[in-house]
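*Asks:*
Protein chains: 2
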Amino acid sequence: MTKQPMPKQRGVRGSRTGRPIMALLDLLGRRWSLRILWELREAPLTSRGLRAACDEASPTVLQTRLDELREAGFVELGEASGYALTPLGRELCETFMPLHRFAERWRK
Amino acid sequence: MTKQPMPKQRGVRGSRTGRPIMALLDLLGRRWSLRILWELREAPLTSRGLRAACDEASPTVLQTRLDELREAGFVELGEASGYALTPLGRELCETFMPLHRFAERWRK
DNA sequence: CTCTTTGCTACAATTATCGTAGCAATACGC
DNA sequence: GCGTATTGCTACGATAATTGTAGCAAAGAG
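Going line by line, the protein sequences match chains A and B.
Take the first sequence: its letter number 49 is residue 49 in the working numbering, and every next letter is one higher.
Take any residue in the second sequence, note its place counting from 1, add 108, and you have its number in the working numbering.
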């Protein structure tokens, strides 16, 4: 019995478990995912504007995250205004918007 | 003017920006952070129980995350019951609890 | 045409994460 | 006592993700 080629893990980890929350937690748990959603919360941003907003994160990861978030249906690339939240993405964003107030109280 | 020794970035990225939300998003955006909080949402777990709940993630990362989450004040290590959410951690957890319902509707 | 901005990619270097094994400490039953 | 099982935690090399810098082609403005 040889090792199977294993079709090279793609997409979101945990999406096979049948528990969507796990897939979602995994996707949001990747670096810059939450930040990207956060920065898009108010207005669309161009790829470069988004990079500036994200403290000059490397375009490689940002591109990867944007692709994932687009595939997930949270983000879309508009004609002129750049990247923007979809209605679904906006909904998701509002879901963890209370984090803002929590963070203020947290403060470390 | 020589380059300052730069006290070697420790703790949470973005905590210097004065925007706690950035620090929080960074901390929660590390792998297994959200998952750990999620798995502790109902009952405390031992380190090994937590590992089992987290799909056998490597103990190295889990330990790192647990240390970070403890330092952040979200998790504590009890005498007998293992790892548990602090009141603050429970509050944080409830903040993104609506994600569950959202994920169900999302489904991919 | 030139100049700028767009979304996006190549590439090597650095980190983070994984997976396995194992430690010391504590608590059990015997 | 003795073995054994569980706890929190760590070492280590291998693998994958992320970084930082540079640059591309396409589209638009002047």
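Positions of the beta carbon are idealized from the N, C-alpha and C atoms, including for glycine.
As the structure is a prediction and not an experimental result, all values here were calculated from the model.
1. Is Arg198(B) close to chain A? Criterion is C-beta to C-beta, closer than 8 Å.
2. Can you check the segment 162-188 of chain B for any beta strand (DSSP E) of at least 3 residues that lies completely inside it and give the ranges in chain order?
3. Rounded to a whole number of angstroms, what is the C-alpha to C-alpha distance between Arg127(B) and Ala52(A)?
4. For Leu196(B), which residues in the same chain have their Cβ closer than 7 Å to its Cβ, ignoring the five residues on either side in sequence?
5. Closest by CA to Glu91(A), which one among Ala211(B), Tyr191(B), Gly190(B) and Ala188(B)?
6. Taking Cβ to Cβ, would you say Leu25(A) is nearer than 8 Å to Arg143(B)?
7. Alpha carbon to alpha carbon, what distance is there between Gly157(B) and Gly78(A)?
8. Could you tell me which residues DSSP pairs with Leu85(A) in its beta bridges?
9. Verify the CB distance criterion: does Thr194(B) have a CB-CB separation below 8 Å to chain A?
10. Please state whether DSSP places Lys3(A) in a helix, a strand or coil.
11. On the three-state DSSP scale, how would you describe Leu133(B)?
12. I need the straight-line Cα distance from Cys201(B) to Ser47(A), nearest angstrom please.
13. Between Thr46(A) and chain B, is the shortest Cβ-Cβ distance under 8 Å, so that the two count as touching?
14. Just mark Glu147(B) as buried or exposed, buried being the case when its beta carbon has 16 or more other beta carbons within 10 Å.
15. Would you say Gly190(B) and Leu145(B) are within 8 Å of each other, going by their C-beta atoms?
16. From Arg215(B), Arg138(B), Ile129(B) and Arg213(B), pick the residue whose C-alpha is nearest to that of Val169(B); which is it?
17. Can you give me the C-alpha to C-alpha distance between Glu76(A) and Arg65(A), rounded to a whole angstrom?
18. Assuming Ile129(B) and Leu99(A) make a contact with CB atoms under 8 Å, what is their CB distance in whole Å?
19. Compute the Euclidean distance between the alpha carbons of Ala43(A) and Thr194(B), then round it to the nearest angstrom.
*Replies:* In brief:
1. Along the second sequence, one-based indexing puts residue 198(B) at 90. It does not; no Cβ of chain A falls within 8 Å.
2. 183-185
3. Working through the second sequence from its first residue, we reach residue 127(B) at position 19. Working through the first sequence from its first residue, we reach residue 52(A) at position 52. Cα to Cα, the separation comes out at about 16 Å.
4. Mapped onto the second sequence, residue 196(B) falls at position 88. Answer for Leu196(B): Gly181 and Phe182, listed in chain order.
5. To locate residue 91(A), count along the first sequence from 1; it is residue 91. Per the Cα distances, Ala211(B).
6. As a position in the first sequence, residue 25(A) is number 25, starting the count at 1. As a position in the second sequence, residue 143(B) is number 35, starting the count at 1. Result yes, Cβ atoms of Leu25(A) and Arg143(B) sit closer than 8 Å.
7. Residue numbering aside, residue 78(A) sits at position 78 when the first sequence is read from its first letter. Residue numbering aside, residue 157(B) sits at position 49 when the second sequence is read from its first letter. Between Gly78(A) and Gly157(B), the C-alpha separation is close to 45 Å.
8. The count along the first sequence starts at 1 and reaches residue 85(A) at position 85. Val75(A).
9. Taking the second sequence and counting its residues from 1, one reaches residue 194(B) at position 86. No, no contact with chain A.
10. By one-based count along the first sequence, residue 3(A) stands at place 3. In this prediction, Lys3(A) scores a pLDDT of 26, lower than 50, which makes its location untrustworthy; no coordinate-derived value is stated.
11. Counting from 1 along the second sequence, the entry for residue 133(B) is found at position 25. Reduced to three states, the DSSP call for Leu133(B) is helix.
12. Within the second sequence, the letter at position 93 stands for residue 201(B). Within the first sequence, the letter at position 47 stands for residue 47(A). Rounded to whole angstroms, Cys201(B) to Ser47(A) spans 31 Å at the Cα level.
13. Looking up residue 46(A) in the first sequence gives position 46. Judged by the 8 Å Cβ criterion, Thr46(A) is not in contact with chain B.
14. Sequence index remark: in the second sequence, residue 147(B) carries index 39 (1-based). The residue is buried, with at least 16 neighbouring Cβ atoms inside 10 Å.
15. Working through the second sequence from its first residue, we reach residue 190(B) at position 82. Working through the second sequence from its first residue, we reach residue 145(B) at position 37. Not a contact, by the Cβ cut-off of 8 Å.
16. On the second sequence, residue 169(B) is found 61 positions in, with the first residue counted as 1. Residue Arg138(B) is the option with its Cα nearest to Val169(B).
17. Looking up residue 76(A) in the first sequence gives position 76. Looking up residue 65(A) in the first sequence gives position 65. For Glu76(A) and Arg65(A), the distance between alpha carbons rounds to 12 Å.
18. Position 21 of the second sequence, counted from the start, is the residue given in the question as residue 129(B). Position 99 of the first sequence, counted from the start, is the residue given in the question as residue 99(A). Between Leu99(A) and Ile129(B) the Cβ distance is about 7 Å, and since that is below 8 Å, they are a contact.
19. The count along the first sequence starts at 1 and reaches residue 43(A) at position 43. The count along the second sequence starts at 1 and reaches residue 194(B) at position 86. When rounded, the distance between both Cα atoms is 35 Å.
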